[in-house]
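Here the structure is laid out as structure tokens; the discussion comes afterwards.
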Amino acid sequence: MTSPSFPAARAPRPGGAGELAGRTVARVGYGAMQLERLHDDRSAAVALLRHAIDFGVDHVDTAQFYGDGFVNEIIRAALRPEDDVLVVSKVGAVSDPGGPFPLRLAQRPADLRASVEDNLATLGLEQIPVVNLRRTDSGISVPVPDDQVVGLDDQLAELIALREEGKIGTIGLSSVTADILRRALPAGIVCVQNAYSLVARDDEDVLRLCEAEQIAWVPYFPLGGALPGLAKVADEPAVLAAAERLGCTPAQVGLAWLLHRSPRTLLIPGTADTGHLEANLAAGAITLDEQTLAALDAVPTRPFTPPFRFRAGA
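If you use this note's numbering, the sequence shown closes out at 314, no skipped numbers anywhere.
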């Protein structure tokens with residue numbers, strides 16, 4: 001007689017437990033954008049995502065415009081129903097491989113709906129649990145044509161309609177100011193993704209509003225240096241000193257600082273390298289003492305200036 005088989009116990013949540021869209025999730029998840037770098041090796045991309053799940057990742061951030069659907073297809077191939085992974089996607093831009101930039105904005109309500117439908121198709125889902133509206137109010141953006149200057153109310157009305165239809169579960173925002181977030185609160189915002197790191201803390205007011213409203217704060221570009229000329233967390237003397245003292249990498253210090261900064265913080269660091277993946281997840285276990293935190297908090301913030309001039313919608 002054979003013994004019954006049971007599924008393996010889930011790994012501890014990296015960084016401990018956080019909350020997103022009414023669910024308990026790991027405070028360190030996975031940002032899937034970098035899977036595009038494995039475009040020529042689909043099996044490696046699937047294996048990397050499976051590795052993240054094996055290490056306790058239970059929320060994944062994606063978008064249809066990551067690799068023009070490739071990343072969503074990898075997520076569809078890698079995830080299993082029993083994984084119970086929360087998938088977060090975003091709308092507001094589409095791939096433009098032949099254009100002057102790899103993306104072009106798609107901010108109009110009809111564009112948002114089309115992007116949701118595309119995400120559903122490539123992810124193989126009936127509902128996307130969280131959809132972030134990627135606006136152009138702060139952070140990095142491609143140039144904004146006049147026909148893509150769209151009012152917030154019109155955009156939220158379309159997303160609310162999609163939620164009522166069951167195509168999306170909840171609504172988040174990305175690249176927004178505190179004023180835009182306040183205006184959007186009646187729509188039931190569950191998370192905000194803004195560019196934010198130890199060296200780029202312009203959106204401290206948005207973070208504090210998220211704390212007050214119990215909204216998840218999900219910083220992108222968490223280590224700075226996303227584009228040439230932008231400050232990098234790993235270059236800071238205080239970060240290097242902390243890494244040496246703690247026996248970890250400067251990148252891990254930068255991620256650990258974000259987790260210590262606010263209990264509402266969830267991280268979605270991305271990588272296409274297994275070693276870097278494991279290091280990112282391990283950052284959730286790093287404790288920063290008061291002296292180290294004080295030294296890191298004293299690092300000056302640099303303005304996070306977009307590389308292009310743009311107009312923001314009303």
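Cβ atoms here follow ideal geometry from the backbone N, Cα and C, with glycine treated the same way.
Note that the coordinates shown come from a computational prediction; the quantities given were computed from them, not determined experimentally.
The C-beta of Phe-65 has 16 or more other C-beta atoms within 10 Å across all chains shown, which makes the residue buried. For the pair Thr-24 and Ala-93, the Cα-to-Cα distance works out to about 29 angstroms. Taken in chain order, the whole beta strand (DSSP E) runs of length 3 or more contained in the segment 17 to 99 are 17 to 20, 23 to 26, 59 to 61, 86 to 91, 93 to 95. Check the Cα spacing between Ala-279 and each of Ala-295, Leu-296, Ala-256: the tightest is with Ala-256. Judged by DSSP in its simplified three-state form, Ile-180 adopts helix.
Between the C-alpha atoms of Cys-210 and Pro-263 there is a straight-line separation of about 10 angstroms. One alpha carbon belongs to Arg-135, the other to Gly-225, and they sit about 21 angstroms apart. Nearest neighbour of Leu-123 by Cα position, chosen from Ala-77, Leu-103, Arg-37, Gly-98, turns out to be Ala-77. Cβ neighbours of Ser-89 within its own chain (closer than 6 angstroms, five residues either side excluded): Thr-62, Ala-63, Asn-119, Ile-128, Val-131. When secondary structure is reduced to three states using DSSP, Ala-272 falls in the coil class, being assigned neither helix nor strand. Per DSSP, the unbroken beta strand (DSSP E) holding Pro-129 starts and ends at 128 to 134. Leu-223 sits close to Ser-197, with the two beta carbons spaced by under 8 angstroms. Straight through space, the alpha carbons of Ile-171 and Thr-249 are spaced by roughly 34 angstroms. In the DSSP assignment, Val-253 falls outside any beta strand (DSSP E) and lies within the alpha helix (DSSP H) extending over 250 to 261. Non-local C-beta neighbours of Ala-282 in its own chain, meaning closer than 6 angstroms and more than five positions away in sequence, are absent.
Residues Ala-32, Leu-49, Val-60, Thr-62, Val-87, Leu-123 of the same chain have their beta carbon placed closer than 7 angstroms to that of Ile-75, with the five preceding and five following residues left out of the count.
In the structure shown, Ile-215 falls within a coil segment according to DSSP collapsed to helix, strand and coil. DSSP lists no bridge partner for Cys-210. Going by beta carbons, Gln-107 and Val-150 fall inside the 8 angstroms limit. Between Thr-265 and Arg-37, the beta carbon gap of about 26 angstroms keeps them out of contact (Cβ cut-off 8 angstroms). Contact between Leu-296 and Val-206 is absent: CB atoms are separated by about 20 angstroms, not below the 8 angstroms threshold. Excluding five sequence positions before and after Ile-160, the CB atoms of its chain that fall closer than 8 angstroms to its own CB belong to Ile-171, Ala-187, given in chain order. Closest option to Ile-168, judged by alpha-carbon separation, among Val-57, Leu-125, His-276: Leu-125.
Under the three-state reduction of DSSP, Val-190 is assigned to strand. Comparing alpha-carbon positions, the option among Gly-69, Pro-102, Val-46 lying closest to Arg-80 turns out to be Val-46. For Ala-195, the secondary structure class from DSSP, reduced to helix, strand or coil, is strand.
C-alpha of His-39 to C-alpha of Val-190: approximately 31 angstroms in a straight line. Only buried fits Leu-20, as 16 or more other CB atoms lie within 10 angstroms of its CB.
DSSP places Leu-240 in the helix class (H, G or I) of the three-state scheme.
Taking a contact as a CB-CB distance under 8 angstroms, the pair Ala-234 and Thr-301 does not count as one, their CB atoms being some 16 angstroms apart. Shown here for Thr-271: same chain residues with a beta carbon closer than 6 angstroms to its own, the five before and five after excluded, namely Gln-34, Leu-277 in chain order.
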